[in-house]
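Line by line, the protein sequences give chains A and B. Residue 1 is where the first sequence starts when you use the numbering used here, and the numbers rise one by one after that. Residue 1 is where the second sequence starts when you use the numbering used here, and the numbers rise one by one after that. Using N, Cα and C, we set each Cβ at its ideal position, and we do this for glycine too. Note that the structure is predicted; figures quoted are calculated from it, not measured. Here is the structure we will look at, set down as structure tokens.
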Amino acid sequence: MKEKIKAILEKYQIDATRLIDILHEVMDEFGFISAETITLLSNDLRISEAQVKETISFYHFFSDKPRAKYNVFLNNSITSCLRGFEHVKEAFEIESGVKFGNVSEDGLIGLYVTSCIGMNDQGPAAIINDKIFTNLTPYRAKEIIKGIKQGKKVEELIYEANGDGNNAHPLMNTMIINNIRRKSLLLDDNYEKFEVTKNLISKYSPQEIIQIVEESNLRGRGGAGFPTGLKWKFGSKMPGEHRVIICNADEGEPGTFKDRVILTQYNDLVFEGMVIAAYATAADMGVLYLRYEYRYMLEFLNSQLDYMRNNNLLGNSINGIKDFNFDIRIQLGAGAYICGEESALIESMEGKRGEPRDKPPFPVERGYLNYPTIVNNVETLASAVRIIKNGAEWYKTFGTSDSLGTKLLSVSGDCRFPGIYEVEWGVSIKEVLDMAGAENVQAVQVGGPSGTLVNVQDKENHSKTDLMKWYKPSGMMASRKAYDRKISYSDMATGGSIIIFNKSRDILHDVVMNFMDFFIEESCGSCSTCRNLPYIMKQKLLKIINGHGVREDIDDLLNWGKIIKVSRCGLGQTAANPILSSILNFRHLYEEHVKAMTDYDNQFELADSVSAANSFVGRKFIHHNS
Amino acid sequence: MSKKIIATTSLAGCFGCHMSILDIDERILDLVELVEFNKSPIDDIKVFTKQCDIGIIEGGCCNSENIEVLKYFRENCDILISLGECAIMGGLPAMRNGIPIEECLHEAYLDGPTVKLNTQKILPNDSELPMLLNEVYPCHEIVKIDYFLPGCAPRADLIWDALVALITGNEMDLPYEVVKFD
Numbered sequence: 001m002k003e004k005i006k007a008i009l010e011k012y013q014i015d016a017t018r019l020i021d022i023l024h025e026v027m028d029e030f031g032f033i034s035a036e037t038i039t040l041l042s043n044d045l046r047i048s049e050a051q052v053k054e055t056i057s058f059y060h061f062f063s064d065k066p067r068a069k070y071n072v073f074l075n076n077s078i079t080s081c082l083r084g085f086e087h088v089k090e091a092f093e094i095e096s097g098v099k100f101g102n103v104s105e106d107g108l109i110g111l112y113v114t115s116c117i118g119m120n121d122q123g124p125a126a127i128i129n130d131k132i133f134t135n136l137t138p139y140r141a142k143e144i145i146k147g148i149k150q151g152k153k154v155e156e157l158i159y160e161a162n163g164d165g166n167n168a169h170p171l172m173n174t175m176i177i178n179n180i181r182r183k184s185l186l187l188d189d190n191y192e193k194f195e196v197t198k199n200l201i202s203k204y205s206p207q208e209i210i211q212i213v214e215e216s217n218l219r220g221r222g223g224a225g226f227p228t229g230l231k232w233k234f235g236s237k238m239p240g241e242h243r244v245i246i247c248n249a250d251e252g253e254p255g256t257f258k259d260r261v262i263l264t265q266y267n268d269l270v271f272e273g274m275v276i277a278a279y280a281t282a283a284d285m286g287v288l289y290l291r292y293e294y295r296y297m298l299e300f301l302n303s304q305l306d307y308m309r310n311n312n313l314l315g316n317s318i319n320g321i322k323d324f325n326f327d328i329r330i331q332l333g334a335g336a337y338i339c340g341e342e343s344a345l346i347e348s349m350e351g352k353r354g355e356p357r358d359k360p361p362f363p364v365e366r367g368y369l370n371y372p373t374i375v376n377n378v379e380t381l382a383s384a385v386r387i388i389k390n391g392a393e394w395y396k397t398f399g400t401s402d403s404l405g406t407k408l409l410s411v412s413g414d415c416r417f418p419g420i421y422e423v424e425w426g427v428s429i430k431e432v433l434d435m436a437g438a439e440n441v442q443a444v445q446v447g448g449p450s451g452t453l454v455n456v457q458d459k460e461n462h463s464k465t466d467l468m469k470w471y472k473p474s475g476m477m478a479s480r481k482a483y484d485r486k487i488s489y490s491d492m493a494t495g496g497s498i499i500i501f502n503k504s505r506d507i508l509h510d511v512v513m514n515f516m517d518f519f520i521e522e523s524c525g526s527c528s529t530c531r532n533l534p535y536i537m538k539q540k541l542l543k544i545i546n547g548h549g550v551r552e553d554i555d556d557l558l559n560w561g562k563i564i565k566v567s568r569c570g571l572g573q574t575a576a577n578p579i580l581s582s583i584l585n586f587r588h589l590y591e592e593h594v595k596a597m598t599d600y601d602n603q604f605e606l607a608d609s610v611s612a613a614n615s616f617v618g619r620k621f622i623h624h625n626s
Numbered sequence: 001m002s003k004k005i006i007a008t009t010s011l012a013g014c015f016g017c018h019m020s021i022l023d024i025d026e027r028i029l030d031l032v033e034l035v036e037f038n039k040s041p042i043d044d045i046k047v048f049t050k051q052c053d054i055g056i057i058e059g060g061c062c063n064s065e066n067i068e069v070l071k072y073f074r075e076n077c078d079i080l081i082s083l084g085e086c087a088i089m090g091g092l093p094a095m096r097n098g099i100p101i102e103e104c105l106h107e108a109y110l111d112g113p114t115v116k117l118n119t120q121k122i123l124p125n126d127s128e129l130p131m132l133l134n135e136v137y138p139c140h141e142i143v144k145i146d147y148f149l150p151g152c153a154p155r156a157d158l159i160w161d162a163l164v165a166l167i168t169g170n171e172m173d174l175p176y177e178v179v180k181f182d
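Encoded structure:
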């Protein structure tokens with residue numbers, strides 16, 4: 001064992017900042033990270049055991065307890081739940097005889113629940129030993145477990161045909177389907193791969209590249225919408241021995257899966273976007289941070305990078321441009337939503353817990369290994385290639401005045417055609433619903449759990465109600481007609497997650513509770529506000545759902561929602577949004593539940609509250625006088 | 001102005017908050033001019049003899065008697081104040097909330113290092129005893145509480161200022177240091 005760990009360490013130059021990669025190799029080799037391994041790692045990497053342990057405990061896909069030979073990670077995101085998650089879960093448990101969260105006694109099967117894995121349009125889905133299984137049914141779950149018990153390999157458990165496009169590539173061999181429903185300028189197939197790097201960038205100076213991107217008004221497509229040209233400009237001016245371009249492919253916002261499709265079909269654009277960004281900012285290090293859930297793509301993406309290296313599109317003097325040296329490596333995540341936040345992502349890349357950093361300094365000032373670092377979303381980088389190819393003026397002909405270009409929407413939930421829609425910015429909710437074939441719609445969640453729950457039945461003007469005095473989250477304007485609200489930076493900015501709920505759904509119980517569970521699970525625990533309040537607020541919501549709520553409970557939720565804004569990062573600041581947004585747009589659902597006649601209800605039942613103590617000491621419950 | 005009527009009690013507390021009330025020192029003479037005490041350990045009145053204006057609660061709820069007394073206070077007082085950490089958050093007694101009650105009882109009566117004399121392994125289950133709650137509760141999870149005075153124990157000056165504010169109807173001065181501890 002010692003030799004194997006030595007070999008792994010040497011592969012990564014005994015570099016503690018590569019701890020994530022090292023731990024992945026240990027997991028692959030031994031199935032878990034034992035106490036002995038932790039000691040070995042801490043000695044050789046010259047970090048404390050606690051540092052190794054804190055990293056292990058942070059990520060879903062690391063374990064210090066033995067995992068099974070076959071590990072099933074079943075996804076519990078909202079659309080999965082709408083499409084029978086509970087039944088599939090039950091089927092797995094019955095057939096395997098193991099409860100979720102455990103490993104079978106013979107060490108064969110381990111069952112785990114995991115947050116969104118980017119398969120919202122084809123859920124319920126599971127990851128079994130890094131292979132993706134989509135559209136699961138109770139029957140399929142049972143067949144899978146039967147197959148495992150018969151000693152089949154994971155590949156043999158997949159009966160389904162390969163998916164479309166590159167999903168069927170020999171290096172991927174996956175049943176995932178792309179579900180591309182609408183293409184525009186980004187998902188356009190009529191182009192020559194790497195044309196910009198080969199023919200165009202040498203015609204521009206780095207400053208001119210930045211200028212074109214600035215003129216196009218391209219903004220970050222991950223959700224925050226920071227102007228890309230400005231970010232590149234800042235990065236290019238920061239002094240540093242190295243500069244780093246990071247592509248953020250850690251899409252973890254439940255309901256988002258556009259990056260998966262871009263990386264499957266258009267990864268050349270993404271890598272080329274990184275090359276262009278590197279050229280513009282004189283960066284020499286490139287990293288694609290790939291979420292662990294997309295590990296099935298790793299080999300495929302590496303083959304693309306090899307192709308680029310062999311064709312002088314990466315490496316030294318790229319395409320003959322003197323002193324333009326840049327290479328890209330792929331950093332695998334390990335299962336943590338928060339690592340989509342750029343500074344948490346950088347922490348993770350440095351082998352640490354993915355906890356967001358205090359800002360400033362921003363990553364463009366001091367990022368990965370303290371070098372100036374530019375972190376861009378997959379879609380942003382791919383869009384930049386199109387912009388350099390066709391010019392800023394061309395790009396400006398798409399979208400609206402404040403939101404130029406197109407946006408990839410990941411549409412899922414109650415609709416006939418879930419999948420990827422490339423739309424021009426400014427499209428209305430109604431248009432999206434029509435495209436997706438959604439009927440009887442009650443609500444649309446725009447921007448994932450941290451976004452807005454839009455009430456499309458509501459034609460009233462909310463903005464003048466007292467509620468707005470209480471709480472007005474940015475980008476959460478309750479406008480006149482929800483149906484006509486636009487996907488744009490001025491109305492509803494979004495990373496592209498659109499989840500549709502029809503009228504049969506119980507918004508509070510099925511939707512809001514699921515989202516709150518997500519935030520409770522994914523909080524890094526650093527700020528007490530985000531560590532505690534989502535849990536406390538969920539308990540309050542449960543109280544209301546269970547018919548014990550009073551009006552003051554709604555006020556409490558709104559007030560606590562303000563306190564959570566002091567959290568350090570976006571996750572914490574938005575962790576109360578499912579509740580705040582649903583109070584804002586579905587207040588009647590809360591009011592239906594709360595008691596009108598009383599101002600106090602505590603759910604307290606004396607008989608229940610003494611039951612355990614009474615039964616231990618052996619006495620009966622008695623009513624006293626009062 | 002008629003005298004306000006005050007009641008106090010200590011539930012699952014250490015009486016430290018009551019000590020802190022006494023720490024108002026000679027001002028207690030002023031207080032007597034302003035208020036009249038009803039049910040309270042201070043004058044040892046056991047049952048309410050009239051409706052009170054203000055009830056001061058020290059300690060949280062760890063057994064059925066605490067619940068009963070607290071509800072009794074709610075019925076008989078117009079305003080209830082949670083005084084101190086235990087009433088507001090459960091305090092030290094609530095440290096057992098993370099441990100199953102069975103384990104606590106086992107340690108306390110059967111297995112603990114100081115349990116020598118309980119040779120017959122008797123557990124407290126006489127029907128005269130209050131029933132132990134599975135968890136310790138802060139007061140506001142049992143009845144509606146109107147005001148909270150934090151501290152362990154709250155300073156005498158804070159108690160004094162709060163009572164004076166309540167009795168005179170003036171708004172209480174709460175400087176930053178009083179509500180922010182860290």
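Rounded separation between A478 (chain A) and E379 (chain A) - CA only: Residue placement at A478 (chain A) is poorly supported in this model, since its pLDDT is 46, which falls under 50; the coordinates still yield a value, given next. Distance between the alpha carbons of A478 (chain A) and E379 (chain A) is about 28 Å.
Chain-ordered neighbours of P124 (chain B) on chain A, where CB pairs are closer than 7 Å: V617
Any chain A beta carbon closer than 8 Å to E102 (chain B): yes
Near the ligand GTP: T380 (chain A) beta-carbon under 7 Å from a heavy atom: As for the ligand GTP, it is missing from this structure, which has no ligand bound.
Enclosing beta strand (DSSP E) for C52 (chain B) [first to last residue]: C52 to E58
Local conformation of S343 (chain A) per DSSP, three classes: Assignment of S343 (chain A) by DSSP, reduced to helix, strand and coil, places it in the helix class.
Cutoff 6 Å; reference L45 (chain A); Cβ partners in own chain excluding five residues on either side: A16
Reference E75 (chain B), options B:I54, B:P138, B:A12 and B:G91, closest by Cα: Among B:I54, B:P138, B:A12 and B:G91, the Cα nearest to that of E75 (chain B) belongs to B:I54.
Distance CB(V270 (chain A))-CB(L381 (chain A)) smaller than 8 Å: yes
Cβ distance (whole Å) where C116 (chain A) is taken to contact N75 (chain A) below 8 Å: That pair is a contact at about 6 Å.
Euclidean distance between Cα positions of K358 (chain A) and V143 (chain B): Note on residue identity: the sequence assigns Asp, not Lys, to residue 358 (chain A). So the two alpha carbons sit approximately 41 Å from each other.
Nearest to L589 (chain A) (by Cα), restricted to the options A:D555, A:A436, A:D506 and A:A596: A:D506
Buried versus exposed, by CB contacts within 10 Å (16 or more), D44 (chain B): Around the beta carbon of D44 (chain B), fewer than 16 other beta carbons sit within 10 angstroms, so the residue counts as exposed.
Three or more C-beta pairs below 8 Å linking the region 176-185 of chain A and the region 389-406 of chain A: yes
Residues near Q445 (chain A) in its chain [Cβ-Cβ closer than 6 Å; skip 5 each side]: Excluding residues within five positions, the ones whose Cβ falls inside 6 Å are L453 and I499.
DSSP beta-bridge partners of M285 (chain A): A:V244 and A:D327
The region 554-561 of chain A touching the region 521-537 of chain A, judged by at least three CB pairs closer than 8 Å: yes
Spatial distance of Q442 (chain A) from F586 (chain A) (CA atoms): 10 Å
Residues near E342 (chain A) by beta carbon distance below 6 Å, same chain, minus five either side: P363 and V375
Presumed contact (8 Å Cβ cut-off) between K71 (chain B) and L34 (chain B), rounded CB distance: The pair is not a contact, with the Cβ atoms about 27 Å apart (cut-off 8 Å).
Assigned exposure category for E272 (chain A) - 16 Cβ within 10 Å defines buried: buried
Y147 (chain B) - partner residues in DSSP beta bridges: B:I81
Contact the region 89-103 of chain A vs the region 53-63 of chain A: 3+ CB pairs below 8 Å: no
Within-8 Å CB hit, N559 (chain A) to chain B: No, no contact with chain B.
The alpha helix (DSSP H) enclosing S497 (chain A), as first and last residue numbers: Here S497 (chain A) belongs to no alpha helix (DSSP H); instead the beta strand (DSSP E) covers S497 to N502.
G151 (chain A) versus I177 (chain A): straight-line alpha-carbon distance, rounded: For G151 (chain A) and I177 (chain A), the gap between their C-alpha atoms comes out near 27 Å.
N- and C-terminal bounds of the alpha helix (DSSP H) containing V378 (chain A): That run of the alpha helix (DSSP H) goes V378 to N390.
Environment of S205 (chain A) [buried if 16+ CB atoms lie within 10 Å]: exposed
Residue burial classification, A161 (chain A) (beta-carbon count within 10 angstroms, cutoff 16): exposed
CB contact flag (G547 (chain A), H593 (chain A), <8 Å): yes
Exposure label - Q573 (chain A); buried when at least 16 CB within 10 Å: It is buried - the Cβ of Q573 (chain A) has at least 16 other Cβ atoms within 10 Å.
Rounded separation between S20 (chain B) and L111 (chain A) - CA only: 55 Å
Nearest to K180 (chain B) (by Cα), restricted to the options B:P150, B:E128 and B:N170: K180 (chain B) has its Cα closest to that of B:P150, out of B:P150, B:E128 and B:N170.
Distance CB(R619 (chain A))-CB(S127 (chain B)) smaller than 8 Å: yes
CB of M516 (chain A) within 8 Å of CB of I583 (chain A), strictly: No, the Cβ-Cβ distance between M516 (chain A) and I583 (chain A) is not below 8 Å.
Pair within 8 Å by beta-carbon distance, H242 (chain A) and M285 (chain A): yes
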